[in-house]
Structures are given as structure tokens and as C-alpha cells.
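J.: With my numbering applied, the sequence shown corresponds to residues 85 to 601, in that order.
One structure coming up, written as C-alpha cells, with questions to follow.
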Amino acid sequence: MTTKVEEPQVSDPGSWLQRNPTTWKALACIIPAILIALIPDPAGVQQGGMIMLGVFVGTIIGFILQPLPNAPVGLIGVSAGMVLGTRWVPEHVNAETGETVAAAMKWGPLAVSEVLAGFGNSTAWLIAAAFIIADGFVITGLGRRIALMFLAKLGKTPLGLAYGLGAADLVVSPGTPSLTARYGGVVYPLVKSISMEQGSEPFNESRKKLGAYLTFASVAVSSLTSALFLTAMAGNPLMANAVASMDLGFEITWGNWFLAAVVPVAVGLVVIPWVAYKLFPPSIGETPEAPAAARAGLAEMGPMSIQEKKMLGVFILLLLAWASDSILAGLGLPKLGINATMAALVGVALMFALNVVKWSDVVKNGSIWSTLLFYGSAIAMATKITTLGVTTWVGESISGALGGMAWPFAFAIIVLAYFYARYLFASATAHILALYPVFLTAAIAVGTPPMLAAFFLAIGATNTSNGLTPMAGGAALTAGQSGMITTGEWFNKNFLLSTVILAIFAVVGIPWMLLVL
Numbered sequence: 085m086t087t088k089v090e091e092p093q094v095s096d097p098g099s100w101l102q103r104n105p106t107t108w109k110a111l112a113c114i115i116p117a118i119l120i121a122l123i124p125d126p127a128g129v130q131q132g133g134m135i136m137l138g139v140f141v142g143t144i145i146g147f148i149l150q151p152l153p154n155a156p157v158g159l160i161g162v163s164a165g166m167v168l169g170t171r172w173v174p175e176h177v178n179a180e181t182g183e184t185v186a187a188a189m190k191w192g193p194l195a196v197s198e199v200l201a202g203f204g205n206s207t208a209w210l211i212a213a214a215f216i217i218a219d220g221f222v223i224t225g226l227g228r229r230i231a232l233m234f235l236a237k238l239g240k241t242p243l244g245l246a247y248g249l250g251a252a253d254l255v256v257s258p259g260t261p262s263l264t265a266r267y268g269g270v271v272y273p274l275v276k277s278i279s280m281e282q283g284s285e286p287f288n289e290s291r292k293k294l295g296a297y298l299t300f301a302s303v304a305v306s307s308l309t310s311a312l313f314l315t316a317m318a319g320n321p322l323m324a325n326a327v328a329s330m331d332l333g334f335e336i337t338w339g340n341w342f343l344a345a346v347v348p349v350a351v352g353l354v355v356i357p358w359v360a361y362k363l364f365p366p367s368i369g370e371t372p373e374a375p376a377a378a379r380a381g382l383a384e385m386g387p388m389s390i391q392e393k394k395m396l397g398v399f400i401l402l403l404l405a406w407a408s409d410s411i412l413a414g415l416g417l418p419k420l421g422i423n424a425t426m427a428a429l430v431g432v433a434l435m436f437a438l439n440v441v442k443w444s445d446v447v448k449n450g451s452i453w454s455t456l457l458f459y460g461s462a463i464a465m466a467t468k469i470t471t472l473g474v475t476t477w478v479g480e481s482i483s484g485a486l487g488g489m490a491w492p493f494a495f496a497i498i499v500l501a502y503f504y505a506r507y508l509f510a511s512a513t514a515h516i517l518a519l520y521p522v523f524l525t526a527a528i529a530v531g532t533p534p535m536l537a538a539f540f541l542a543i544g545a546t547n548t549s550n551g552l553t554p555m556a557g558g559a560a561l562t563a564g565q566s567g568m569i570t571t572g573e574w575f576n577k578n579f580l581l582s583t584v585i586l587a588i589f590a591v592v593g594i595p596w597m598l599l600v601l
């Protein structure tokens with residue numbers, strides 16, 4: 085009798101990764117962090133700088149791969165920053181003071197006070213407050229009403245629909261810092277319903293009748309509206325905070341951000357829907373049913389409710405507060421110095437007092453508290469690597485590679501590298517935290533005027549890359565998974581569109597920023 089010998093089974097090489105996604109994602113964060121932390125601190129970097137850089141890089145990878153949600157990843161990061169590099173320091177004499185220092189445990193480079201300062205940072209609270217303001221638009225229905233009003237007026241053609249959706253996005257954007265929430269909650273539901281009413285269905289050729297164009301154009305326009313206001317995208321205040329921590333002699337405020345952005349963004353909002361029309365032409369030329377459907381939607385909503393009127397009043401007061409210094413300066417009057425975070429918190433307090441939103445609404449919105457924990461930890465780490473000299477060291481290393489080149493050419497290379505590095509990031513926040521301070525330092529080191537470098541990288545090269553890939557952020561992911569555009573079409577056509585956007589900001593934005601900043 086022959087005994088059958090069983091051959092050893094060869095496991096599928098991809099099966100372990102599929103079975104253990106959290107484990108391999110965690111290892112992908114931990115291994116680079118350890119390797120960087122083991123590098124000795126180079127000249128110009130304070131003690132513990134490379135340990136902190138390793139922790140920061142590992143945390144950024146965690147934000148990208150998400151072995152856990154962003155908030156716990158950030159908390160793990162700051163915890164690692166507090167304990168890694170801990171060592172026993174024996175009794176010694178301080179070389180500067182001559183005093184004897186008792187033996188003690190020296191903890192990691194990130195102090196507890198610095199972590200708590202991150203959670204108390206005004207930028208983190210501005211973002212959290214703005215999320216509550218955005219809730220007001222959704223809960224009261226004001227955001228939907230504004231969108232339907234524009235569609236009723238402009239929606240007779242596909243191009244008109246794109247401009248109408250863009251106008252609605254523009255109006256609500258200064259009070260809606262989450263591009264994901266604004267696009268997913270206001271813009272995309274209208275894109276989908278209008279497209280399907282015209283017989284343009286996802287995942288088949290009918291998508292090209294209208295849906296593909298509206299989806300493509302709406303993401304591009306949402307990226308532009310995010311660039312217009314400091315409070316229109318959650319990552320924008322992070323860049324303002326980075327500039328403040330770098331002590332460049334100026335600060336980014338709500339008013340000067342808007343002033344720097346208004347002309348190039350306005351040109352983009354006019355040009356980009358038309359360019360998108362040429363890149364993704366819809367097969368139908370008119371949409372006469374769309375305005376009628378919008379009017380029907382408005383009729384169903386009825387007259388503006390008292391809650392909507394309260395929300396509109398609070399929103400107008402917020403816009404006036406945020407823009408007050410720029411308005412008063414233009415009139416030759418003394419500035420009031422209203423802090424953007426203070427205005428946002430007062431606005432939220434008014435919304436509670438007027439019963440526009442209830443505390444129960446805020447408690448249910450877990451993204452507000454996750455955002456506060458996430459951004460607070462990120463700000464603490466980003467600030468620390470700047471104070472330890474790491475950001476300057478990396479930025480000067482990049483600028484050294486561009487040595488001898490005239491600053492306009494060197495700056496162009498820096499902008500292109502920063503912009504297209506977005507292919508590697510699935511989050512605007514991760515892109516900003518990892519690269520904005522470093523590339524800003526490099527741009528200034530090659531001779532770029534500091535204010536131009538700070539504002540152009542923030543407005544013309546960060547927000548405008550939000551639609552570069554179908555994974556570039558929440559709005560792009562919503563549209564990319566809609567079935568209206570294939571992945572190949574997205575990469576191809578958005579690359580072409582990106583060249584137009586960069587050209588607009590280079591030709592229009594740079595002269596304008598040099599003029600007004």
C-alpha cells in the first residue's frame with residue numbers, strides 16, 4: 085500500500101498582509117521611525133531632534149496608512165515623543181552656570197507642557213469651532229437652500245450647472261472647514277441627483293452625458309474655494325500656525341490670506357469649469373429640467389425658517405469679524421485686532437444661545453472631538469521639530485541642492501516638487517504637516533521673498549492639489565468612488581488640469597501676491 089505524502093502547502097504571499105492589515109501598517113510606521121531616531125543629531129539640530137523627527141515621520145505615515153484612526157495615532161505619537169530617548173543623567177556641573185545639577189531622569193524631547201500646549205493651540209480650536217459652524221449649515225438646511233438657489237438661476241446648461249454648484253460651494257466655504265463635509269454634504273448630493281435626473285448613471289457610458297463632467301468640475305472648484313479662505317479647509321490654519329512658529333516676521337491672518345488668494349482664485353473659478361468642460365465634454369448641451377427641479381426643491385423647503393435666518397445672521401457676523409482688520413485697513417481706520425479663533429468661538433456661543441445647534445448635536449458629531457485631539461497632537465509635534473532646528477536643517481539641505489540657481493527657477497522647482505508630492509499622500513493634513521514647513525524653509529533659503537513663499541505654497545500649491553488623485557482627500561475619494569469617472573480618466577485629466585491651475589497661479593497669482601503682500 086502506497087502512502088500518500090502530502091506536499092507542504094505554500095501560503096499565498098499576500099494572505100498575511102490581508103489577514104493582518106493593522107499589524108503591517110503599524111510596522112510601516114514604527115520601522116522608519118526607529119531608523120530615523122537612531123541617526124545622530126547633525127550640526128544645527130538640538131539634542132533629541134532626530135528622535136523627534138523619527139516620531140513625527142512615523143506619525144505622518146500613521147495618518148496616511150491609518151492602522152488606527154487619526155486621533156489615537158496622534159496620541160501615540162506625542163506619547164512616544166515624551167518617552168523615547170529617556171536616559172539617566174548622573175550628577176554633573178552645568179558648564180554655563182557652574183552649578184551642580186543633581187542626578188535625574190531625562191525624559192524624551194517632547195515635554196508634557198508642550199503636548200498640552202498643542203491641545204490648547206488656537207489653531208486646533210479654530211478648526212473645532214468651524215466644524216460646529218458647518219453643522220449649523222447642515223442642521224438648519226441653509227447650505228442646501230443656498231445651493232438650490234444658485235442652481236435655479238444658473239442650471240440651464242452643464243456649464244451653468246458647474247458654475248452654480250461652484251457659487252454655492254463658494255458661499256458656504258468660509259464657514260465650512262471640512263472640504264470632505266462640504267463636498268460630501270452639500271455639493272456631491274446635488275451632482276448625483278442632477279446627473280441621474282438627466283439619465284446619466286454611474287458605472288456605464290451614460291455617465292458621460294453629464295455626471296462625469298459635473299463630478300470632475302465640482303472637485304476642482306471645491307479645491308479652489310478651499311484656497312480662498314483661511315477657514316475653508318482644515319489644513320489652512322495649520323500652515324498659518326507653521327508660519328507663526330517659524331518666526332518669519334509676519335503672520336498669516338484671515339484677512340491677508342483672503343487678500344492674497346482673491347484674484348488668482350477668482351480667475352480659477354471662472355476658467356476651470358470651462359477647461360473641465362473641454363477635458364470632459366458632456367454629451368448633452370442643455371439641462372432645462374435642472375432649474376425646475378431646483379425650484380421644486382426650494383418650494384418643498386418652503387420660506388426661509390427662523391433657524392436658517394439665525395444661522396445666516398451668525399455667519400454674516402463671523403465673516404465681518406474675520407475680515408474686519410482688512411476692511412478697516414482699506415478704509416484707513418485703526419484695526420480691531422479680532423483673533424480668528426476668538427470670533428469663531430463667539431460665533432459658536434451665539435449659535436448655542438440662539439438654539440441654532442444643540443449641545444447634543446455637537447456631542448454626536450465625533451469628528452469635532454477627533455479633530456481636536458488629532459490636530460492638537462500634530463501641532464505639538466510639528467512645533468517641536470521646528471524649535472529643535474530640524475525643519476531648518478532639512479529645508480537648508482534641500483536649498484543646498486539648488487545652490488547657485490536664481491530664486492525664481494529654484495522656487496519653481498520647489499513648488500512643482502511640493503505640489504506633485506501630493507501623489508504620495510491621501511490627506512491634505514499629512515501633506516501639510518510633512519512638507520509645508522520644510523519646503524517653505526527651502527524656498528526662503530534660495531532667496532524667495534518669505535511672504536510670497538508662504539502664501540503661494542499654501543494657496544497655490546496645497547489646496548489646489550486636493551483633487552490630483554482619487555485618493556487625495558475626502559472630497560476626491562467621494563467623487564472617485566462615485567462611478568462617474570474611471571481611475572485612469574481621473575489621473576490623466578486631473579494631471580492636465582493641474583498644469584492649467586499651476587499656470588494660473590504662476591501668471592496671475594505671483595504678480596498679485598508681490599503687489600499686495
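Don't be surprised by glycine CBs; every beta carbon is placed ideally from N, CA and C.
(1) DSSP three-state call for Val185: helix, strand or coil?
(2) Give the secondary structure of Lys419 by DSSP, where H, G and I count as helix, E and B as strand, and everything else as coil.
(3) What are the complete beta strand (DSSP E) segments, minimum 3 residues, inside the region 183-270?
(4) Please report the Cβ distance between Ala112 and Val139, rounded to the nearest whole angstrom; I am assuming they are in contact, meaning their Cβ atoms lie under 8 Å.
(5) Can you check which of these residues, Ala328, Ser408 and Gln282, is closest to Phe342 by C-alpha distance?
(6) Would Ala560 and Pro554 qualify as a contact pair, given that the criterion is a beta-carbon distance under 8 Å?
(7) Just curious, the alpha helix (DSSP H) that Val173 is in, first and last residue?
(8) For Pro193, which residues from the same chain have a beta carbon less than 7 Å from its beta carbon, with the 5 sequence-adjacent residues on both sides left out?
(9) Could you tell me the alpha carbon to alpha carbon distance between Val256 and Gly227, rounded to whole angstroms?
(10) Using the C-alpha atoms, what's the distance from Ser302 back to Leu353?
(11) List, from N- to C-terminal side, the alpha helix (DSSP H) runs of 4 residues or more that fit wholly inside the region 277-327.
(12) Could you compute how far the alpha carbon of Ser511 sits from the alpha carbon of Val270?
(13) Where DSSP assigns a beta bridge to His176, which residues make up the other side?
(14) Let me know the secondary structure DSSP gives Thr513 once reduced to three states.
(15) With the cut-off set at 8 Å, would you say Leu238 and Gly248 are in Cβ contact?
(16) Taking Ala464 as the reference, which of Pro174, Gly204, Ile223 and Arg103 has the closest Cα?
(17) Count the other CB atoms within 10 Å of the CB of Leu508; is the residue buried (16 or more) or exposed (fewer)?
(18) Can you give me the start and stop residues for the alpha helix (DSSP H) that Val446 sits inside?
(19) At the level of alpha carbons, what is the spacing between Glu335 and Ala304?
(20) In the DSSP assignment, find the unbroken alpha helix (DSSP H) run with Gly146 in it and report its ends.
(21) If you check the beta carbons only, do Ala518 and Ile120 fall under 8 Å apart?
(22) Tell me which same chain residues have a C-beta within less than 7 Å of the C-beta of Ala605, skipping the five on either side of it?
(23) Look up Phe631 in the DSSP assignment and say whether it is helix, strand or coil.
(24) So does the region 269-286 actually touch the region 311-331, counting three or more Cβ pairs closer than 8 Å?
(25) Given a cut-off of 8 Å, decide if Met395 and Ala220 are closer than it, judged by their beta-carbon atoms.
(26) Using a Cβ-Cβ cut-off of 7 Å (strictly less than) and excluding sequence neighbours within five positions of Val167, which residues of its own chain qualify?
(27) Hey, would you say Phe215 sits closer than 8 Å to Ile400, going by beta carbons?
T.: Once the coordinates are examined:
(1) strand
(2) Secondary structure of Lys419 (DSSP, three-state): coil.
(3) 188-190, all fully within the region 183-270.
(4) With a beta-carbon spacing of about 15 Å, Ala112 and Val139 fall beyond the 8 Å limit used to define contacts.
(5) Nearest option by C-alpha distance: Ser408.
(6) Going by C-beta atoms, Ala560 is nearer than 8 Å to Pro554.
(7) First-last for Val173: Arg171 to Val173, but that is the beta strand (DSSP E), not the alpha helix (DSSP H).
(8) Gly132, Ile135, Met136, Gly165, Gly169, Lys468 and Leu472
(9) 7 Å
(10) Between Leu353 and Ser302, the alpha-carbon positions lie close to 11 Å from each other.
(11) 295-312
(12) 20 Å
(13) The bridge partners DSSP lists for His176 are Val185.
(14) helix
(15) yes
(16) Gly204
(17) exposed
(18) Here the alpha helix (DSSP H) through Val446 covers Trp443 to Lys448.
(19) 28 Å
(20) Element bounds for Gly146: Gly133 to Leu149.
(21) no
(22) Outside the modelled stretch of the chain, which goes from 85 to 601, sits residue 605, for which no answer is possible.
(23) There is simply no residue 631 to check, as the chain begins at 85 and stops at 601 in what is shown.
(24) No: the two stretches stay apart, fewer than three of their Cβ pairs being nearer than 8 Å.
(25) Looking at the sequence itself, residue 220 is Gly, so the reference to Ala does not match. It is a contact, given that the beta carbons lie within the stated cut-off.
(26) Trp191 and Gly192
(27) no
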